[in-house]
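Residue numbers (this note's numbering), protein chains in the order written: chain A, 1 to 178; chain B, 1001 to 1972; chain C, 2001 to 2467.
Data first, discussion second: the structure below is written as structure tokens.
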Amino acid sequence: MSARTRWVLARFGEAEPLLAAARALRQAGHASIDIHSPFPLPGTAEALELGRSRVPLLALCGGLAGVGTAIAMQVWMNAVDYPLNVGNRLLAGKPNMVPVMFELGVLLSSFAIFFGMMGLWGFPRPHHPVFEVEAFRSAAVDALWLSVEVKVEDAERVAQALRGSGALEVEFAPEVEA
Amino acid sequence: MKTLPIHGQSPRQPGERALWTSLEDLDGTARGPEGEFPHGAAEAPAALGRRSFLQLMGASAALAGLGACHPPREKIYPYVKQPAEGLPGQISHYATALSLDGYATGLVLTAIDGRPIKVEGNPAHPASLGAAGILEQAALLDLYDPARADGFRSRGLHLAWRKLLEEIAALAASHAKDGGEGLAFLLAPEASPLLADLRRRVQARFPRARFRVWAPLAEDQAAEGARLAFGRVLDAQPRLDLADVILSLDADFLSGPGDALRLAREFARRREPGEAMSRLYVAEPALTITGAVADHRFRMRGSEVAGFARQVAGALGAIPAEAALPAGREARAVAADLLRHRGRSLVLCGPRQPAAVHALGHAMNAALGNPGETVHHTAPVLGEARPEPGALADLAREIQAGAVRTLVITAWNPVYAAPAGLDLGALLAKVENAIYLTLREDETSRRASWVLAASHPFESWGDGRARNGTVTLQQPLVAPLKESTTAVDLLAAFLDEGNRGAREHLKALWKARSGPAFEASFERWLEQGMIPGTAEPAVAAPVHAEAVAAAVRALPAAPPGLEMAFARDYSLADGRFAPNAWLQELPDPVTKISWDNAAYVSPATARRLGFRNGQRVALSLPGRSLEAPVWIQPGHADEAVTLALGYGRTADGPVGKGVGVDAYRLRSAAAPWFEGGLSVAAAKGEHRFAVAQGHFSMEGRPIALDFTQEQWKRESHELDELRGPEPSLQEPVDYSKLENAWGMAIDLGKCVGCSACVVACQEENNIPVVGKAQVAKGRIMHWIRVDRYFQGPPEDPTVIAQPLACVHCEAAPCEYVCPVNATVHSDEGLNEMVYNRCVGTRYCSNNCPYKVRRFNFLAWRGEAAPTEKMLVNPDVTVRARGVMEKCTYCVQRIERVRIEARARGARMGPVQTACQQACPAEAIVFGNLRDPGSRVSQAHRDPRRYDLLHGLGTRPRTAYLVRIRNPNPELG
Amino acid sequence: MSPPAATAAAREALQPPRLLPAGITDRQINDSLLDHVWNPRRGWWTLFAMALAGTGLLVMGLGVTLAYGIGMWGNNQPVGWGYGIINFVWWIGIGHAGTLISAILLLFQQRWRTSINRFAEAMTIFAVIQAALFPLFHTGRPWFAAFWLFPYPSTLGIWPNFTSPLIWDVFAVSTYFTVSLLFWYLGLIPDLAALRDASTSKAKRIAYGVFALGWRGSARHWQHYRIGYLLLAGLSTPLVLSVHSIVSFDFAVSQLPGWHTTIFPPYFVAGAVFSGFAMVMTLMIPARKYLGFEHVVTERHLETMNKVMLVTGMMVSYGYLMEHFIAWYSGNPYEMFVILNRATGPYRWVYYAMIFCNVLVPQTFWWRRARTSIPWMFAAAVLVNVGMWTERFIIIVTSLHRDFLPSSWGMYFPTWVDWSIFVGTLSFFSLLFLLFLRFVPAVAVTEVKELRHELAHEAAHAAGGHR
């Protein structure tokens, strides 16, 4: 049994058959199935049973961290480490801490979102086997593609099944070590 | 400190000697005790006197030794015992003097590391009383002026000192043959006994030599007036503190020569509300600082003052009716008021008024029984050295006649300041040896065949007399920065004693005049800066009424039409201070114009002639014409134009050159002060003035407040809303835990607006000069400014001056907006500026309601000459470009006092800020608010106290006291 | 002639003008919208050269300032802030439209935004870059300000003062810039992928491939992308409002009459959106012609934006009204004087220019003809930009030059350095914008495709609904 796998890529003209084919493959027990579209295609997440995204949670943590940092920073710097009589103002007046609290909250939250997503996607990843298939490039332009990673020996069978389920075109990405 | 010859110092223990006694050790006339030789001191002597910064620093170690004027000419030995003053950073004070217009003002100079850095008044001196005027203080800048004349030259050839002496000796010998036939001297008025003595001796050697005394702004009319009234020349010595009612006939006594500082002090002392408050009437053409503080100001052309005087005199019965004029309402009221205060009133005449008016003034005082009470008379303090009106004309005639082979000029710049039509420059060419002693290369030095650089007073030994006659000693603080000499040495040179050194002459003179134990007393005199008990004694002076009446009758009526008036400039005097950047930049106390003079006209006259501010006009008098820019001056007399003298220099260093217009070109010998028949015509072009104040009306805001006595009785409660606690969200910081809480109080009732505080602050705090263009842009750097507001009709407004520096708010708006904590509060309540933290956002300045912060928009100092660097006060940071700065309450002085107190383990003594110390009127009080007994605490409790912009809740530490005026109800 | 067809036709007639031409395909969208990247438009180099020259002016102006100091500007006592802060506030304001359009309109699901948001976001970022220059260079010692304004343990041992609005500015502006950049770039990734995959040469493919970070349009990408993008939009919305509020605190927190005004935050935000939209119009109108985007940036878009300008213009006018009213109502003589001085003082002509540009000009948009006339709306947009600049001049200079003590009143005149820096930032802004037009899709291609998809879907449903 070799552990070599390869990606089978199938182009569909319409969304419905694509999603049907995806569901079929899942029932057939294939794990790494993916759908590629030039714009977010409704229903894909359900078809692939992806579950909820963890990005909102990251955003929340980032935001809280930001606000906390802001409070700690301002109180410690102006009231604890180097207290000064500045225009007879309170050393740690609450109102004047709000702007920085808000801004830092937003900043760290945004960082959490953006870099969190990069992490979830494993970006940056300029290279991927599917890019070896020139035809697949249309996925970013106007075509809908379904990709599934299978054992080398299964590739043909899966391809046949996909053709059966209405794929207009099926391609094979080069073999890779699993 | 204890060995300093500073005035007012506790008597020294026997055996202990004041610093400068080591002079004996130094100049070899006495042997010092043997002792260990301080290493390093060995290099000190010999080469001193070369004009190099380093050696001067070295020289400072032997400061007293440098006292002798010509280091190459006096041997200098190192100290045997290093005096305390040798310690780096150690402050020493020296009593010395500066003579202006012939009269000496006693000063105390602060020197650090041998560099004089600050001029202050000598509290014991009758003409200073501890205060210092703008000229005395700014003179220090002249000392360090890199553009000063240097060395000696004859017909373009540089002469070494000894060579010069030989040349003069030869010259003198050649004149001695014919008794000094072709020898003439043109001297400045100078009350110095030493110079008088030398003059006598020179006269003795050259019996036929002619001495003439001349100054452009001479008080010769006053002398003539005294001669008319008393039959002989006498000086009047007024006492304002004893006068309840004062009538000033064109006398700007708060700024004039001699003892303006004393008069300001005495006047201010009587300006507190109540029965004891004095009343001042002023009759004058152009608004002066004296006119600005008057209770009643009668504006009239200079030539009309005489008429007003005759009205008052008539109403007083001081002169026979036929010599008087029918009194108008004002004159009657004034006369009545004066009569109500017989013996406690005073009539003063200004130097610009003709002799007859001065005589009339004497007659009025006599009629009022004032002599011996508010005024007494003394023999003229100037003695022979009084300027005579015709001095220059006579000299010119002699030169024309070819009767002058050698002319020695120690008077200031006659070529520039000579009356129009007298081309002295051309005449000097006819004189074989025109020897000119001058501080700077100027208009005269260009024409003189011999030019000798003069030493600055702070570099040379000498003496002088205060206005009241007190002999004042002038001791040097530093070796001459330039190869130069003094009038004393120059005259002595004609006696072949030129190399003896002024100090020796001085000592010889006073040794002769004082009894035994001279050395000890001379030491004490130097320490005090003067010789006590040398004031001129009062003499009885009966007035010759009929002579006065005759003179008064001879007075011409005021000519109709436009009148040209000339004025002494507040900051340049007769023009000798034109090269002084501090004084050029100092805004005129009245008009706030800096770096300019202007043709002042009244609003009405301007309207009639269709003139705008800044418009250039041609002023024409018979045979003379001058273009000048117009400035419309509220309170100026109608149909008159006033122009300050001393501007429009064509030589005399880079600073003053081409600033303003030269009024001397219009000024005739016949009518030196007022001349009728002026014609004006609009000329081409606009002139842009650099005015330091943006707007002269208070726009009805409660800023600089003044009340009349009457109002004050009724309305004093109005101040309650301008003081006391304001509601605030912030809990006020508690300052009661510390020993000190610094505060200031400024009494607008005392302030005469003379601006001495501005110069004092500039000198103390290393404040840069920015130049006319930058002042015009609104970037002047003065930490304290004197705002001048006009109220009422622009024709005849009431005028009030308000000194304003950082008020050190307890809730300072500038502080909380600074992003980098560069301006914060000290625990003693100072609003501190941290220069090295400042990044220059200027947010603090925007948020300062008093706009007292100053920003270094450019690198103001640029490349300072080595001598200019010597002026810097090492206790105060020199600010960099891009940094904000402002008044610090002289924090460096506070810390000095604190350090000294700590060293002694004592409580802190009183602290004086520079502005407070200079103020002649004692209007500024600074001190500790925690001490209920301190003067500042009392001032803060004064019913006249209010806070500027109190409604903002800034809680300023500087409080103001409203001005109370005391107008005559009859004129109300 | 079947009834459904008739009703369909009727409904069609009732529809607002189309956002997209009928029957356009993804491929067509893709090609048309990416075309300007592959084939630069004519005259690009000329424009670029001009912008570059103008940027030289900026470099010179800043160079002179660094060499000699702020004294080269017109600032003085009492006017501590002049062109520097005027331009800062003006540019920051302009920088608001972008995020507002992308974020707020996204949350409100305004479809018409898709054609212009990319454009507006780019403008935002470039505008904020201009703005950020001024707070730094207007200080007396930028070489210190550059880092002392940030809380780091310095050798002085002292920290920034968090009561100072300038510190709030530092945080607000830097946060706003960073978040806008992330938001913009995130939206750009799928389009970069499209560029990569439509690249005609290997070099381009590699270049865009690097920036696309390996985007494969996979379902997993889209899943996070949609929620993440939405969240960033959600964060940006309050952020946008906060930034100009905080900028307004620079003035509102002071005690200066004319600055110390509680209405400032909302009034500044409205003004910011106002000027931002004006700037988008100023750039969009020529750009859509230049790039041939009339089919995606339609008349309807422009008209809608004009409506927004009318609304925000009214808000700004209300702000002016309240400022004047409160000054009078407060009874505070200093406040009253400031308003009086603005209308009758030496700077009154600037004041009347402001009223004309910001209050009167937008009123024309009540009329449809004005809203749809391209030349007029362009002129109006430019005028509003001018007007908003004069507004900042009025707020800053007239309040400072005559404050509490008449003795310290003064005048402010800008110098040639002030002008060259201002013109320089305009050029630098154009420079960045030209680069953007040259290398990045100016319209969010992916979103347009999505929009097309949705529209098609709805059409299908509408049609289906009748069977």
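C-beta: ideal position from N, C-alpha, C; glycine also.
What's the gap between the Cα of residue i and the Cα of residue j?
i                      : j                      : result
residue 1963 (chain B) : residue 1716 (chain B) : 12 Å
residue 1402 (chain B) : residue 1430 (chain B) : 7 Å
residue 2139 (chain C) : residue 1683 (chain B) : 44 Å
residue 1865 (chain B) : residue 1760 (chain B) : 22 Å
residue 1465 (chain B) : residue 1192 (chain B) : 6 Å
residue 1007 (chain B) : residue 1527 (chain B) : Confidence at residue 1007 (chain B) is low in this model, with a pLDDT of 40, below 50, so the placement of that residue is unreliable and no value is reported for it.
residue 1814 (chain B) : residue 1469 (chain B) : 51 Å
residue 2256 (chain C) : residue 2222 (chain C) : 52 Å
residue 1565 (chain B) : residue 1120 (chain B) : 34 Å
residue 1830 (chain B) : residue 1889 (chain B) : 7 Å
residue 2437 (chain C) : residue 2378 (chain C) : 20 Å
residue 1880 (chain B) : residue 1236 (chain B) : 51 Å
residue 2181 (chain C) : residue 2100 (chain C) : 14 Å
In this structure, how does DSSP classify residue i when only helix, strand and coil are distinguished?
i                      : result
residue 1617 (chain B) : strand
residue 1611 (chain B) : coil
residue 1462 (chain B) : strand
residue 1346 (chain B) : strand
residue 77 (chain A)   : helix
residue 1235 (chain B) : strand
residue 2053 (chain C) : helix
residue 2367 (chain C) : coil
residue 1009 (chain B) : Only weak support is given to the placement of residue 1009 (chain B): the predicted model assigns it a pLDDT of 38, under 50, and the question is left unresolved by the model.
Report the neighbours of residue i on chain E: residues whose CB is nearer than 9 Å to its CB, in chain order.
i                      : result
residue 2141 (chain C) : Absent here is chain E; the protein component of the structure consists of chains A, B and C.
Mind reading off the beta-carbon distance from residue i to residue j? Whole number of angstroms is fine, and I expect it under 8 Å.
i                      : j                      : result
residue 2153 (chain C) : residue 2160 (chain C) : With a Cβ gap of about 12 Å, residue 2153 (chain C) and residue 2160 (chain C) do not count as contacting.
residue 1260 (chain B) : residue 1317 (chain B) : The Cβ separation is near 32 Å, so there is no contact.
residue 1324 (chain B) : residue 1311 (chain B) : 7 Å
residue 2418 (chain C) : residue 2168 (chain C) : About 26 Å separates the two Cβ atoms, so there is no contact after all.
Short check: CB of residue i to CB of residue j, under 8 Å?
i                      : j                      : result
residue 1444 (chain B) : residue 1414 (chain B) : yes
residue 2392 (chain C) : residue 2024 (chain C) : no
residue 141 (chain A)  : residue 148 (chain A)  : no
residue 1463 (chain B) : residue 1474 (chain B) : yes
residue 1664 (chain B) : residue 1281 (chain B) : no
residue 1552 (chain B) : residue 1360 (chain B) : yes
residue 11 (chain A)   : residue 112 (chain A)  : no
residue 2442 (chain C) : residue 2036 (chain C) : yes
residue 1131 (chain B) : residue 1918 (chain B) : yes
Handout entry: Near-chain C residues of the region 1676–1708 of chain B - C-beta to any C-beta below 8 Å
Key = 1693, 1694, 1695, 1696, 1697, 1698, 1699, 1700, 1701 and 1703
Exercise for the section: Check each residue of the region 87–105 of chain A: if its Cβ is closer than 9 Å to any Cβ of chain B, include it; give the result in chain order. Expected result: 87, 88, 89, 90, 93 and 96
Handout entry: Interface residues of the region 2366–2389 of chain C facing chain A [CB-CB below 8 Å]
Key = none
Exercise for the section: Please name the residues in the region 70–84 of chain A whose beta-carbon is closer than 7 Å to at least one beta-carbon of chain B, in chain order. Expected result: Residues of the region 70–84 of chain A whose Cβ lies closer than 7 Å to any Cβ of chain B, in chain order: 84.
Practice task
Using a Cβ-Cβ cut-off of less than 7 Å, give me the residues of the region 1944–1965 of chain B that come near chain C, in sequence order.
Solution key: 1949 and 1952
Exercise for the section: Using a Cβ-Cβ cut-off of less than 9 Å, list which residues of the region 141–174 of chain A approach chain C; keep chain order. Expected result: 141, 142, 143, 145 and 147
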